[in-house]
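K.L.:
Mind having a look at this structure? Questions to follow.
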Amino acid sequence: MATMRAARLDVRTLTLEVKDVPRPVPGRGQVLVRVRAAGVCLSDVHLIDGTLRPLHLEGDEVTLGHEVAGVVEELGPDVAVSGVGDRVALQAGQTDRSGTTLTRGVDYDGGWAEYALADEETLVPLPDDLPFDQAAIIPDAVSTPWAAVTSTADVGPAEAVGVWGVGGLGAHAVKLLRLVGAAPVVAADPDPRARERALAYGADAALDPTAPDFLARVGELTGGRGLDAAFDFAGVPAVREQALRLLGEHGRLVLVGLSDKPLEIRNSTRFSYLKQQVLGHYGSEPEHVVQLVELVGAGRLDFADSISGTFGLEDAPTAVERLEKRTGSPVRLILEP
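Here it is in structure tokens:
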């Protein structure tokens with residue numbers, strides 16, 4: 006039996022181990038992808054620390070990694086379009102026959118391995134000039150904020166927006182909000198390195214949300230009308246309370262950062278009078294990944310500055326530790342099996 010190396014999480018003991026496992030064989034409508042790059046996401050950290058638990062995993066172990074790009078290595082029966090050698094990114098999840106949404110690297114094996122199985126319909130073709138490391142992070146790291154900006158919040162040109170948390174997702178949100186014409190784009194993060202990054206990614210202002218004059222500064226930047234949309238990428242109650250205070254008429258607060266803490270609207274009369282909204286957001290749809298790949302191909306987007314470090318598969322635990330401790334304030338770390 007052929008084997009491969011994979012970073013496997015035991016969800017009972019919360020231990021991550023890189024070890025030999027059977028190399029998967031593609032079934033009907035599936036392909037085997039030789040993984041060339043896989044992103045390390047904060048969701049992976051939360052799976053390892055037990056904050057996030059798989060809902061639909063069969064068994065006690067899973068290969069992590071939901072941000073994956075590589076080359077088609079082998080075709081299963083009835084594969085209609087894909088061919089061996091195709092350069093592809095993998096959608097971060099799929100829907101099973103019962104209609105349940107499953108997440109790659111959470112509910113079934115992902116891409117922290119030498120090879121990954123994928124249903125043909127989850128493949129996204131890549132142009133030859135798009136590097137695998139940049140392609141890998143498009144599903145989730147870029148597509149999640151893209152979906153939040155364009156679908157959930159439906160941000161339009163010249164709308165004033167705020168982004169709390171300029172990490173892996175928030176940094177891309179700043180870049181994408183600039184692309185769709187939002188103005189001003191105000192980034193909020195207590196980390197000075199994150200604020201510098203926000204300005205480099207196109208924010209009109211990058212502020213410390215703990216500063217005494219933060220609310221007044223945002224008021225000045227929006228001409229006193231408040232924010233049309235506020236994005237919480239931190240998942241922190243204090244952020245949500247602050248963002249709600251800064252919403253203007255018809256303002257939308259979009260909750261992207263995950264939290265098990267309650268959400269409190271202290272002045273519900275004002276909230277209702279101004280017809281404000283709180284909108285939950287999770288992940289993206291397949292078309293969002295396709296749109297982003299096309300935008301990269303058209304020269305509208307580039308993610309070279311998003312790659313903060315590259316590691317071999319055997320060093321997956323080191324990459325996880327570095328992300329967890331935010332060593333160097335990374336946007337995205339990449340594994341190259």
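Reminder that position 218 of the sequence shown reads as 223 in the working numbering, one-by-one numbering, no gaps.
Where is the CB? At the ideal position from N, CA and C, for every residue including glycine.
Can you tell me where the beta strand (DSSP E) holding ARG275 begins and where it ends?
P.N.:
Where ARG275 is concerned, there is no enclosing beta strand (DSSP E), although the alpha helix (DSSP H) it sits in stretches over 273-278.
K.L.:
According to DSSP, is GLY238 part of a helix, a strand, or is it coil?
P.N.:
It should be noted that the sequence gives Phe, not Gly, for residue 238. Coil, per DSSP.
K.L.:
Which one or two residues does DSSP pair with GLY285 in a beta bridge?
P.N.:
Beta-bridge pairing links GLY285 to LEU260.
K.L.:
I'd like to know if the segment 119-134 and the segment 61-78 are in contact, where contact means that at least 3 CB-CB pairs between them fall below 8 Å.
P.N.:
Yes, since at least three Cβ pairs between the segment 119-134 and the segment 61-78 fall closer than 8 Å, the two stretches touch.
K.L.:
Can ALA163 and ARG257 be called in contact, C-beta distance under 8 Å?
P.N.:
Taking 8 Å as the Cβ cut-off, ALA163 and ARG257 do not qualify as a contacting pair.
K.L.:
Indicate whether the contact test is met: 3 or more Cβ pairs, each with one atom in the segment 137-150 and one in the segment 293-305, closer than 8 Å.
P.N.:
Contact holds: three or more Cβ-Cβ distances are below 8 Å.
K.L.:
How long is the line joining the alpha carbons of ARG92 and ARG41, rounded to whole angstroms?
P.N.:
Roughly 10 Å separates the two Cα atoms.
K.L.:
Indicate the three-state DSSP secondary structure (helix, strand or coil) for PRO322 in the structure shown.
P.N.:
If DSSP states are grouped into helix, strand and coil, PRO322 belongs with the helices.
K.L.:
Return the bridge partner residues of GLN35 from the DSSP annotation.
P.N.:
According to DSSP, which records beta bridges pairwise, GLN35 is partnered with ASP124.
K.L.:
Cutting at 6 Å between CB atoms, please list the residues of its own chain near LEU306, excluding the five before and the five after it.
P.N.:
Taken in chain order, the residues that qualify are LEU300.
K.L.:
Do you know how far the Cα of ALA178 is from the Cα of VAL154?
P.N.:
VAL154 and ALA178: Cα-Cα distance of roughly 7 Å.
K.L.:
What is the residue span of the beta strand (DSSP E) that ASP349 lies within?
P.N.:
What the structure shows of the chain is the stretch from 6 to 342, and residue 349 is not part of that stretch, so it cannot be assessed.
K.L.:
Comparing C-alpha positions only, which one of ARG198, GLU292, ASP233 sits nearest to THR332?
P.N.:
Of the listed residues, the one whose Cα sits closest to THR332 is ARG198.
K.L.:
Given this structure, state the Cα-to-Cα distance separating ALA12 from ARG222, to the nearest angstrom.
P.N.:
Answer to the nearest angstrom: the Cα atoms are 46 Å apart.
K.L.:
Can you list, in chain order, the residues of its chain with a C-beta nearer than 7 Å to that of LEU37? Leave out the 5 residues immediately preceding and following it.
P.N.:
Taken in chain order, the residues that qualify are PRO29, PRO31, GLU78, GLU79, TYR120, LEU122.
K.L.:
Pull the bridge partners of THR56 from the DSSP assignment, please.
P.N.:
Paired residues: none, contrary to the question.
K.L.:
Which residues does DSSP list as the beta-bridge partners of GLY98?
P.N.:
Partner(s): THR108.
K.L.:
Applying the criterion that 16 or more other CB atoms from any shown protein chain within 10 Å of the CB defines a buried residue, is ARG33 buried or exposed?
P.N.:
Label assigned to ARG33: exposed.
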